[in-house]
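Structure first, commentary second.
Number of protein chains: 4
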Amino acid sequence: MEQVERIGVSLEKNLLADFDELITQKGYQNRSEAIRDLIREQLNSRQLSNPKAHAIASVCLVYNHHLTKLMEKLTGLQHSHLLQAICSMHVHISQEDCMEIIVLRGPVGEINKMAENMLSQKGVRLGKINFITADQP
Amino acid sequence: MEQVERIGVSLEKNLLADFDELITQKGYQNRSEAIRDLIREQLNSRQLSNPKAHAIASVCLVYNHHLTKLMEKLTGLQHSHLLQAICSMHVHISQEDCMEIIVLRGPVGEINKMAENMLSQKGVRLGKINFITADQP
Amino acid sequence: MEQVERIGVSLEKNLLADFDELITQKGYQNRSEAIRDLIREQLNSRQLSNPKAHAIASVCLVYNHHLTKLMEKLTGLQHSHLLQAICSMHVHISQEDCMEIIVLRGPVGEINKMAENMLSQKGVRLGKINFITADQP
Amino acid sequence: MEQVERIGVSLEKNLLADFDELITQKGYQNRSEAIRDLIREQLNSRQLSNPKAHAIASVCLVYNHHLTKLMEKLTGLQHSHLLQAICSMHVHISQEDCMEIIVLRGPVGEINKMAENMLSQKGVRLGKINFITADQP
């Protein structure tokens, strides 16, 4: 269990009232949790600006699964890179389209390269990456 | 098979040279595919600015799986909302942390509410949402 | 002078240490100021997701100033809309290009429309908008 | 006058129809201009991911101008850094608040540092940076 510290924060009454309203809407049960989330998010984006930072990423692709060669190619890419492809999930969206979510682990710069490689394949309609900082395994 | 149309685009020589270099780096095999991706991405973000637009979203959460009540709560949330929770995948990141990727279907505004509700739970360290426009099922 | 309130926030020792390091790098003199900035930023983006929210925006355009008709058009646009164009600044970037920063006031949705109208003019190479929430004047 | 080249792009009928509708809404007069803007924007963000890339940035701050020491500090910062502060514009927003837009030139990493230094000052309520790639002067 991590040790917890308590700090004092002073802020204007109006700002506090607006913040309290927002976090109630979002479903937070107390201010500390909401502020911890803001801090974590800021630290996360800062670290990820370094291409060598170690991260876990979920790459989300939408593509036409009738293009069977594309599926082979995407699977091939997951095995050929220096990155660790951890797992993936396949979701049927429509008659034509499916969504594939691939979880990768490695340096931010390498993940970006591999994801770009996937997104640039013909038949891949859309793609997005989410990064989360991670310690080296 | 969708019908394809061919249009002409005029652009400055320098701009074209820079673009060609970038898309080669990214792994595109031709310009049309790269330009189609830019157009799809723009259309996608535009549509998603409407909270009533129908979308498919992957919500990616990182949390401490020792908090067993949290896992129950997150599963409960997936079942209680009006949204359709399609599937989810669980990835072990470290001794402490795991990543959960949940695929939801419904109006953008509703997905946002549910995702915020999940992110605001104590124990959820980080969270991100990717939206992709989708036709009504 | 606004009234200030002091609240307590509890957070893990490690998270606090990382946060302290980050805000020292950024130049903050104390934690309260850094946390207030995080809160303000979150409130600001939330409010701006409503197209009717009242905002002040700085629209930043880069364009070729040899296209004299473009300059007339951009000025015309600033006067024709229902929005209040407050002021603008012109910066010489190179032999060819200049940057124009235009400050507008009005509902987010209207500002977006006007900015898109400007960005879509031939000769405007790049454009960006920053929104800041504002009370009705 | 830059040389212009004409390329052919093939895309699905539906995608083209949606794109045509969007760019009409945005006010574009032809497709080439809209596609050039997409390409420029992509090249711009790619280049700016390198902290050593040369850029021009507009930093937009909102602060309470009754804090006279703050104004001196902000001006001091503009003169002390290795960066070239090109010009700035001051806008009165309300009784209390003003917006200052400062145009800086230099490497992306340096601009970020200076902007963070400004944003971290007590009294600065909000701040945003827009980067635009630029050739070395």
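Chains as they are written, first to last, in the numbering used here: chain A, 38 to 174; chain B, 38 to 174; chain C, 38 to 174; chain D, 38 to 174.
A virtual CB, placed ideally from N, CA and C, is assigned to each residue, including glycine.
Bear in mind the structure is a predicted one, so any value in this text is a computation, not a measurement.
Give a single yes or no on whether residue i has its beta carbon closer than 7 angstroms to a heavy atom of the ligand MG.
i      : result
K159/C : Only the bare structure without any ligand can be found here, which leaves the ligand MG out of the picture.
Between which residues of its own chain and residue i is the CB-CB distance below 6 angstroms, once the five residues before and five after are set aside?
i      : result
H102/B : C135
I138/A : S95, C97 and M126
K89/B  : P144
L104/C : G160
A71/B  : I60 and Y65
G113/D : none
Q115/C : A122
E133/B : N101
L163/A : V99
So what's residue i in DSSP terms, helix, strand or just coil?
i      : result
A94/D  : strand
E58/C  : helix
N179/D : Outside the displayed span of chain D (38 to 174) sits residue 179/D, for which this structure offers no information.
N87/C  : coil
S47/D  : strand
E147/C : helix
K165/A : strand
E39/A  : coil
L156/B : helix
L141/D : strand
Which same chain residues end up closer than 8 angstroms to residue i when comparing Cβ atoms and leaving out the 5 residues on each side of it in sequence?
i      : result
K165/B : V96 and C97
K110/D : Q158
V46/A  : I72
A171/D : H91, A92, I93 and R142
E262/D : This structure cannot settle anything about residue 262/D, because the visible part of chain D is limited to 38 through 174.
Going along the chain, which residues of its own chain have a beta-carbon closer than 7 angstroms to the beta-carbon of residue i, five neighbours each way excluded?
i      : result
F56/D  : none
M175/D : Chain D is shown only over 38 to 174; residue 175/D falls outside these bounds and no answer can be derived.
L85/B  : A92, V145, F168 and T170
Quick one, which residues of the segment 101 to 113 of chain C are near chain D if we go by CB-CB under 8 angstroms, in chain order? Within the segment 101 to 113 of chain C, no residue has a Cβ that lies closer than 8 angstroms to any Cβ of chain D.
What are the complete beta strand (DSSP E) segments, minimum 3 residues, inside the segment 109 to 138 of chain D? 121 to 129
Going along the chain, which residues of the segment 80 to 99 of chain B sit with their C-beta nearer than 7 angstroms to a C-beta in chain D? Under the 7 angstroms Cβ criterion, the segment 80 to 99 of chain B contributes L80 and R83.
Is the number of C-beta pairs between the segment 44 to 54 of chain D and the segment 142 to 149 of chain C that are closer than 8 angstroms three or more? The segment 44 to 54 of chain D is not in contact with the segment 142 to 149 of chain C.
Please determine if the segment 126 to 135 of chain A and the segment 75 to 91 of chain A are in contact, where contact requires at least 3 C-beta pairs separated by less than 8 angstroms. Judged by pairs of C-beta atoms under 8 angstroms, the segment 126 to 135 of chain A does not touch the segment 75 to 91 of chain A, as fewer than three such pairs exist.
Would you check if the segment 148 to 159 of chain C and the segment 152 to 161 of chain D touch, i.e. whether three or more CB-CB distances between them fall below 8 angstroms? no
Name the residues in the segment 133 to 147 of chain B whose C-beta lies less than 8 angstroms from a C-beta of chain D; which are they? none
Taking only beta carbons into account, state which residues of the segment 40 to 53 of chain B come closer than 7 angstroms to chain D, listed in chain order. Q40, V41, E42, R43, I44, G45, V46, S47, L48, E49, K50, N51, L52 and L53
Interface positions of the segment 148 to 161 of chain C facing chain A (Cβ-Cβ less than 8 angstroms), listed along the chain: none
Of the residues that make up the segment 59 to 81 of chain C, which ones have a beta carbon closer than 8 angstroms to any beta carbon in chain A? L59, R68, S69, I72, R73, L75, I76, R77, Q79 and L80
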